[in-house]
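Undergrad: Take this structure first; my questions come after.
Numbering (the working numbering), first residue to last: 6 to 504.
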């Protein structure tokens, strides 16, 4: 920007020309140093960004588009962006991208006209109004990279791409208003023009504050985004994810069904519906695996599907398949935290505790606040008999996500180790309240009840666990021992909690 500003500085005619030329030349080295510092910080930012996301974004969003249509679609985005930049009243978190029909598309022709007009104005105003030319450059140049509609991430058209171009639009509006003010005699409404500009700025500020409320939380954002643009795939996927994460699976399933009907040809919505169907309709993990595998055969490049398949394989005890699915997901999306956590769980299922710890620490490097990563790290500490590290990791997990049942499950074990049976039972009951479909939680409650001599309560808990995990030989053995009153508490009921 400083270099661009200096190139647009023009010496006026007359006696001041030489002095201004001298001032510009003396300031040019400082501007170059400033630009070098900026480039250095940009390089550092780029390196950090690469580490955070695991590489540059390389997913081709629209491989079906021919080169002429890609060019036409990029040109067609220019009028849409300029409309939002100069009239930002209908702000939206996501906009549906519609490819141009060809180079003769009216919007594509409009984009070509905008580029041509920008070039003509740059040449015409370079000497008389360098600030206006700077505004044109700020408006157009930062938009050029995002006009390549195949490589701009998940949004081919997004208001956030206007952060810098909006500065150019503001500068152009200010320059235009200043020229009008200079041409207006005082008695012909110059003050009215000033007040009009002030009111426009105030209205824009109020509109911005009102629009920012939609970003309060993910569910609010998704619902408002869908209201503004019902065909937004990103907002619908976000709403499904939020509802599913909050345990509102039935609501998420209905949103996925409605979205798939509204967008019948969209692979992402079909994949999301398959995932929700696997959770809503097919309760047995093997059926979930089958549904997700079928969905993946139709959309092999969907990381969300691979992560969900990995989780389903874990629930089914298919650890090798879970690890393979997580690795496939990470090849497509190297920073997918769910896949890394699933890979950690699969590693320990395969007897690789070192691998579990490596994946847990990898997750924490990306997101130090991940409760699941702290949970996995705590599990590795337990297997290494590092009880202090185990408790520390579990406390961190519980602090970051109080609704995580497995944190309370392990905290119950810590209380049991310290011979605090009431605390152990309280934490275990909290775990089953949060995640009542986890058989291991009911199994552990049965163990705690049996230790306290509450035989009927232990039997009820183990029967509940067997209903969720039929055929578990260990639970069946313990139930048989409950029928033998002379046996007392089995030694098998001591030690670590059942996984």
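Even glycine gets a Cβ: it sits at the ideal position worked out from N, Cα and C.
Between the region 129–140 and the region 165–177, do three or more beta carbon pairs fall short of 8 Å?
TA: Flag = yes, the region 129–140 and the region 165–177 touch.
Undergrad: Report the rounded CA-to-CA distance for residue 458 versus residue 464, giving the unit in angstroms.
TA: Those two C-alpha atoms are separated by around 11 Å.
Undergrad: Using 6 Å as the cut-off, classify the Cβ of residue 115 as near or not near the heavy atoms of the ligand SAH, replying yes or no.
TA: Looking for the ligand SAH in the displayed structure turns up nothing, as the structure carries no ligands at all.
Undergrad: For residue 496, which residues from the same chain have a beta carbon less than 8 Å from its beta carbon, with the 5 sequence-adjacent residues on both sides left out?
TA: For residue 496, the predicted model reports a pLDDT of 40, less than 50, meaning its position is unreliable and no value from the coordinates is stated.
Undergrad: Decide if residue 492 is buried, meaning its Cβ has at least 16 other Cβ atoms within 10 Å, or exposed.
TA: Residue placement at residue 492 cannot be trusted, given a pLDDT of 45 that sits under 50; the coordinates are not used to answer.
Undergrad: Here's the rule I'm using: 16 or more other beta-carbon atoms within 10 Å means buried, otherwise exposed. How should residue 291 be labelled?
TA: Flag for residue 291 reads exposed.
Undergrad: Starting from the Cα of residue 308, find the closest Cα among 272, 322 and 282 and give me that residue.
TA: With distances taken between Cα atoms, residue 308 lies closest to 272.
Undergrad: Taking 7 Å as the threshold (C-beta atoms), are residue 410 and residue 439 in contact?
TA: In this structure, residue 410 lies closer than 7 Å to residue 439 by Cβ.
Undergrad: For residue 224 and residue 246, I'd like the C-alpha separation in whole angstroms.
TA: Rounded to whole angstroms, residue 224 to residue 246 spans 9 Å at the Cα level.
Undergrad: Spatial neighbours of residue 388 within its chain, please: C-beta separation below 7 Å, excluding the five flanking residues on both sides.
TA: Same-chain partners within the cutoff: 358.
Undergrad: Decide if the region 199–211 is in contact with the region 125–136; the criterion is three or more beta carbon pairs, one per stretch, under 8 Å apart.
TA: No, the region 199–211 is not in contact with the region 125–136.
Undergrad: Compare the beta carbon distance of residue 154 and residue 78 with 7 Å and say whether it is the shorter of the two.
TA: Taking 7 Å as the Cβ cut-off, residue 154 and residue 78 qualify as a contacting pair.
Undergrad: Are there 16 or more other CB atoms within 10 angstroms of the CB of residue 38, so buried, or fewer, so exposed?
TA: Exposed is the call here.
Undergrad: Going by C-alpha distance, which of 228, 233 and 252 is nearest residue 242?
TA: It is 228 whose Cα lies nearest to the Cα of residue 242.
Undergrad: If residue 105 sits next to residue 113, beta carbons under 8 Å apart, how far is it from one beta carbon to the other, in whole angstroms?
TA: Yes, they are in contact, since the Cβ atoms of residue 105 and residue 113 sit about 5 Å apart, within 8 Å.
Undergrad: Kindly indicate the opening and closing residues of the alpha helix (DSSP H) around residue 347.
TA: Run containing residue 347: 342–354, per the alpha helix (DSSP H) assignment.
Undergrad: Quick one: residues in its chain with C-beta nearer than 8 Å to the C-beta of residue 70, no 5 flanking neighbours on either side, listed in chain order?
TA: Excluding sequence neighbours, residue 70 sits near 78, 104, 154 and 155.
Undergrad: Could you tell me the distance, in whole angstroms, from the CA atom of residue 98 to the CA atom of residue 305?
TA: If I take the Cα positions, the gap works out to 28 Å.
Undergrad: Hey, residue 321 and residue 300 are a contact pair by Cβ (cut 8 Å); roughly how many whole angstroms apart?
TA: Incorrect: roughly 16 Å between the Cβ atoms, too far for contact.
Undergrad: Would residue 86 be called buried (16 or more neighbouring beta carbons within 10 Å of its own) or exposed?
TA: Buried, by the Cβ-count rule.
Undergrad: Cα-Cα, which of 397, 95, 293 and 427 is closest to residue 230?
TA: For residue 230, the nearest C-alpha among the options comes from 95.
Undergrad: Do the CB positions of residue 278 and residue 257 come within less than 7 Å of each other?
TA: In this structure, residue 257 does not lie closer than 7 Å to residue 278 by Cβ.
Undergrad: Given this structure, state the Cα-to-Cα distance separating residue 177 from residue 183, to the nearest angstrom.
TA: Those two C-alpha atoms are separated by around 10 Å.
Undergrad: If you draw a straight line from the C-alpha of residue 499 to the C-alpha of residue 435, how long is it?
TA: Because the pLDDT at residue 499 is just 49, under 50, the model does not fix this residue reliably, and the point stays unresolved.
Undergrad: Could you check the C-alpha separation between residue 203 and residue 89 for me, to the nearest Å?
TA: Taking the straight line from one Cα to the other gives about 20 Å.
Undergrad: Who are the near neighbours of residue 415 in its chain, counting only those whose CB is closer than 6 Å to its CB and skipping five residues on each side?
TA: So the list reads 399, once near-sequence residues are dropped.
Undergrad: Rounded C-beta distance between residue 297 and residue 329? I'm assuming under 8 Å.
TA: At roughly 13 Å, the Cβ-Cβ gap does not stay under 8 Å, so residue 297 and residue 329 are not in contact.
Undergrad: With 16 other CB atoms within 10 Å as the buried threshold, where does residue 166 fall?
TA: Looking at its Cβ environment, which holds 16 or more other Cβ atoms inside 10 Å, residue 166 is buried.
Undergrad: Going by Cα to Cα distance, which pick from 370, 371 and 315 is closest to residue 352?
TA: Comparing Cα-Cα distances from residue 352 to each of 370, 371 and 315, the minimum goes to 315.
Undergrad: Would you identify the three-state DSSP class for residue 69, choosing helix, strand or coil?
TA: In the structure shown, residue 69 sits in coil (DSSP, three-state: anything other than H, G, I, E or B).
Undergrad: Taking only the alpha-carbon atoms, compute the straight-line gap between residue 91 and residue 372 and give it to the nearest angstrom.
TA: Approximately 37 Å, taken between the alpha carbons.
Undergrad: Quick check: the Cα distance between residue 370 and residue 115, rounded to an integer number of angstroms?
TA: Looking at the two C-alpha atoms, the distance is approximately 46 Å.
Undergrad: Report back the beta-carbon spacing between residue 381 and residue 365 to the nearest angstrom; my notes put them in contact at under 8 Å.
TA: At roughly 4 Å, the Cβ-Cβ gap stays under 8 Å, so residue 381 and residue 365 are in contact.
Undergrad: Quick one, which of 266, 311 and 252 has its alpha-carbon nearest residue 347's?
TA: The residue with the shortest Cα to Cα distance from residue 347 is 311.
Undergrad: Do you know whose CA, among 374, 82 and 350, lies nearest residue 384's CA?
TA: Minimum Cα distance to residue 384 is reached at 350.
Undergrad: Can you tell me which of 73, 76 and 430 puts its alpha carbon nearest to the alpha carbon of residue 454?
TA: Looking at the Cα atoms, 430 is the closest of the given residues.
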